[in-house]
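The structure appears right after this line, and notes come after that.
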RNA sequence: GGGCCGCUAGCUCAGUCCGGUAGAGCAACGCCCUUUUAAGGCGUGGGUCGAAGGUUCGAAUCCUUCGCGGCUCACCA
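In this note's numbering, the protein residues as written are -11 to 510.
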């Protein structure tokens, strides 16, 4: 063995040894007879004597996660996607050469093992290895077996190690998949059609947000990554797809935080002949279905709160919430000057920009709401009837044209869903777009962009419809008790890792930074 | 962008207040050990202390700037 202490070099030397012995360290396939989970569920409870009568051969494959060399025997644990099983190799069974090779396998290597089952003195189901093969040689050591991988930065940058070493991380993502599956099943059962609409849009509409910009070479056209699928989904409803939903990504070119990732996943749905009250019903039923499927309960803890999703959920108007929960007097809320003073007392400042008086007032109300009401909405609460100026795509209430038929759902102090009765009056929609365009040209980068085709589509007729958007990442955070959105997204967006290329090439950091193939985009 | 905290061996961490030869456990390497399981025993190697400057006889430690990350405030749905 080489004398070097560099673990990476040591393993490369082992790799060469194997090749020199005529062994392919990266073979193509391995025939597996059982998953480890199948073996343990079937045989872990059988007494040892009965295991000895089993004549069928057991063949398993997995990653070596622990290795205990004991004289002329070796114990290890092999892990596959379904579980982990102890394997036991003996010098007298395998023969000298093979045993020598086996004892030099590293934790992390993928192995295929065939043999018989037995139980050790401590009663652990174990595979007595008769044949063993290397399936993939690792060149880097895994993080430590006992403490695992703790460094948060490494966990996010090298999620594969996080998944490998921290079982609870795997659980979160398994649960994420279960949540999405439950949502999909629920929507399909309600006769919604699952659709996919473009990620690349010529006009980034459907929400108030800054988009990512890109360019299509062949079309020589500027395109945006979508900030919402809303307008395309409503076009589909115009086209007669009366119930549609999409589970997919949105992109917003804004700040990052524990609740914001530049790309995030939403469920968005549209239901013809329904209004926002129907959608509230739908939302309640959907989230209860998900909680029951995934957690098996409507009560659960998350981030220190005990939450109860048992319907019906509280419904409160935007203004009542500001009065009852925010503690503001109703006449203060309705008077722009007094509201501004009250907001200033909470260190809330009015947004800059040339807004119409009603819009400026509504925007300030929204900020006050966010600061003084939102964090206090712990149990599921539908906040309804938002100022119309905040909702350029929502239908005004028949009873009160000042407010939109809109709700947002809050659980544990976070916005989880947003929905409204869709505005389907094309002329009114055009007026709203014109006002947004005016704000846009006055400097509001997040005002909605005019979308002439969308108005044209409405002119062909959109049935009354209730739309819904649910932030799936935040829902997953809620149901997995995660503090940060980065814990529920496999590869959260981070700054470029310094010196990575240098490490892999053995170059200096300076050389890495100046090496142009590191940055093909510049 | 502001504030606070972190960055030391492959991993997990001491050492920083109060400057004086860079440590431990796991992992690795060698030897012993044929039912172990954080196996055990004996031995060995392993570090640009995130980077660059500065102060000092002397810096992981003090100062400055920068990088990356976390939390938080601001901004932002």
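Glycine is no exception: its CB is placed at the ideal position from the N, C-alpha and C atoms.
Original post:
Anyone know if the C-beta pair for residue 62 and residue 107 falls short of 9 Å?
Top reply: In this structure, residue 107 does not lie closer than 9 Å to residue 62 by Cβ.
**OP:** Return the chain-ordered list of same chain residues with a C-beta closer than 6 Å to the C-beta of residue 104, the five sequence neighbours on each side being excluded.
**Re:** Close CB contacts of residue 104 within its chain, under the 6 Å cut and outside five residues either way in sequence, are with 116 (chain order).
Subject >> Beta-carbon proximity check, residue 393 vs residue 264, cutoff 9 Å >> reply: Pairing residue 393 with residue 264 gives a Cβ-Cβ distance under 9 Å.
**OP:** Kindly provide the ranges of any beta strand (DSSP E) runs that are 3 or more residues long and lie completely inside the region 308 to 379, ordered along the chain.
**Re:** Correct list: 369 to 375.
Original post:
When burial is assigned at 16 or more other CB atoms within 10 Å of the CB, is residue 481 buried or exposed?
Top reply: The residue in question, residue 481, is exposed, as its Cβ has fewer than 16 Cβ neighbours within 10 Å.
**OP:** Tell me, please, which residues DSSP counts as bridged to residue 459.
**Re:** Bridge partners of residue 459: 254.
Original post:
Got a sec? Which residues, its chain only, sit under 6 Å from residue 161 by beta carbon, not counting five neighbours each side?
Top reply: Once the five neighbours on either side are set aside, residue 161 has no close Cβ partner at all.
Subject >> Length of the line joining the Cα atoms of residue 215 and residue 399 >> reply: Distance from the CA atom of residue 215 to the CA atom of residue 399, rounded to whole angstroms, is 23 Å.
**OP:** Ignore the nearest five residues each way along the sequence and tell me which others in residue 188's own chain have a CB closer than 8 Å to its CB.
**Re:** Only 202, 204, 211, 212, 213 and 214 meet the Cβ criterion.
Subject >> residue 402 burial status per 10 Å Cβ neighbour count (16 or more: buried) >> reply: It is buried - the Cβ of residue 402 has at least 16 other Cβ atoms within 10 Å.
**OP:** Quick one: using the 10 Å Cβ neighbour count with 16 as the cut-off for buried, is residue 240 buried or exposed?
**Re:** Classification of residue 240: buried, given that the 10 Å Cβ count is 16 or more.
Original post:
Taking just the CA atoms, how far does residue 452 sit from residue 414?
Top reply: So the two alpha carbons sit approximately 12 Å from each other.
Subject >> Same chain only: Cβ atoms within 6 Å of residue -6, ignoring 5 sequence neighbours per side >> reply: Excluding residues within five positions, none has a Cβ falling inside 6 Å.
**OP:** Output the residue ranges of the beta strand (DSSP E) runs that lie fully inside the region 196 to 251 and measure 3 residues or longer, sorted by chain position.
**Re:** As far as the region 196 to 251 is concerned, its whole beta strand (DSSP E) runs of at least 3 residues are 201 to 204, 209 to 213 and 231 to 239.
Original post:
For the region 349 to 360 against the region 313 to 321, are there 3 or more C-beta pairs whose distance is under 8 Å?
Top reply: The answer is yes - the region 313 to 321 touches the region 349 to 360, with three or more Cβ pairs under 8 Å.
Subject >> Spatial neighbours of residue 502 in its chain, beta-carbon cut-off 8 Å, leaving aside the 5 residues before and after >> reply: Summary for residue 502: the model assigns pLDDT 39, below 50, so the residue's position carries little reliability, and this model does not support an answer.
Original post:
What span of residues does the beta strand (DSSP E) with residue 289 cover, start to end?
Top reply: Run containing residue 289: 287 to 290, per the beta strand (DSSP E) assignment.
**OP:** Tell me whether residue 150 sits in a helix, a strand or coil according to DSSP, three-state version.
**Re:** Residue 150 falls in the helix class under three-state DSSP.
Original post:
In three-state DSSP terms, what is residue 107?
Top reply: In the three-state reduction of the DSSP assignment, residue 107 falls in the strand class.
Subject >> For residue 195 and residue 506, the rounded distance between their alpha carbons >> reply: Residue placement at residue 506 is flagged as unreliable, the pLDDT there being 38, under the threshold of 50; a coordinate-derived value is accordingly withheld.
Original post:
Roughly how many angstroms lie between the CA atoms of residue 323 and residue 466, to the nearest whole one?
Top reply: Distance from the CA atom of residue 323 to the CA atom of residue 466, rounded to whole angstroms, is 37 Å.
**OP:** Give me the Cα-Cα distance between residue 386 and residue 421, rounded to the nearest whole angstrom.
**Re:** The alpha-carbon separation between residue 386 and residue 421 amounts to approximately 21 Å.
Original post:
DSSP puts residue 408 in a beta bridge; with which residues?
Top reply: DSSP output for residue 408 lists 394 and 455 as bridge partner(s).
Original post:
Using a threshold of 8 Å, is the CB atom of residue 25 nearer than that to any non-hydrogen atom of the ligand ZN?
Top reply: Ligands are entirely absent from the displayed structure, and the ligand ZN is therefore not among its contents.
Subject >> residue 25 in three-state terms, based on DSSP >> reply: Under the three-state reduction of DSSP, residue 25 is assigned to helix.
Original post:
In chain order, what residues of the same chain have a beta carbon less than 6 Å from the beta carbon of residue 406, not counting five sequence neighbours either side?
Top reply: Same-chain partners within the cutoff: 396 and 457.
Subject >> Beta bridge counterpart(s) of residue 276 as assigned by DSSP >> reply: Answer is none; residue 276 lacks a bridge partner.
Original post:
Taking just the CA atoms, how far does residue 76 sit from residue 127?
Top reply: Spanning the alpha carbons of residue 127 and residue 76 requires a straight line of approximately 24 Å.
Subject >> Pairwise C-alpha distance: residue 298 and residue 515 >> reply: Nothing about residue 515 can be reported from this structure: the residues present for the chain run from -11 to 510 only.
**OP:** Could you tell me the boundaries of the beta strand (DSSP E) in which residue 58 lies?
**Re:** Note, residue 58: beta strand (DSSP E), 46 to 58.
Original post:
Are the region 251 to 269 and the region 229 to 240 in contact at 8 Å, needing three or more beta carbon pairs?
Top reply: A contact exists between the region 251 to 269 and the region 229 to 240.
**OP:** Using alpha carbons as the reference points, say which of 486, 20 and 309 lies closest to residue 373.
**Re:** Among 486, 20 and 309, the Cα nearest to that of residue 373 is on 309.
Subject >> Neighbour-count burial assignment, residue 180, 16 or more Cβ in a 10 Å radius >> reply: Buried, by the Cβ-count rule.
Original post:
Below 8 Å, can you find three or more Cβ-Cβ pairs linking the region 266 to 283 to the region 171 to 180?
Top reply: The answer is yes - the region 171 to 180 touches the region 266 to 283, with three or more Cβ pairs under 8 Å.
**OP:** Count the other CB atoms, across all protein chains shown, that sit within 10 Å of the CB of residue 321; report buried if there are 16 or more and exposed otherwise.
**Re:** With a threshold of 16 other beta carbon atoms within 10 Å, residue 321 meets it and is buried.
Subject >> Own chain, CB closer than 7 Å to residue 91, minus 5 neighbours either side, in chain order >> reply: Excluding residues within five positions, the ones whose Cβ falls inside 7 Å are 57 and 62.
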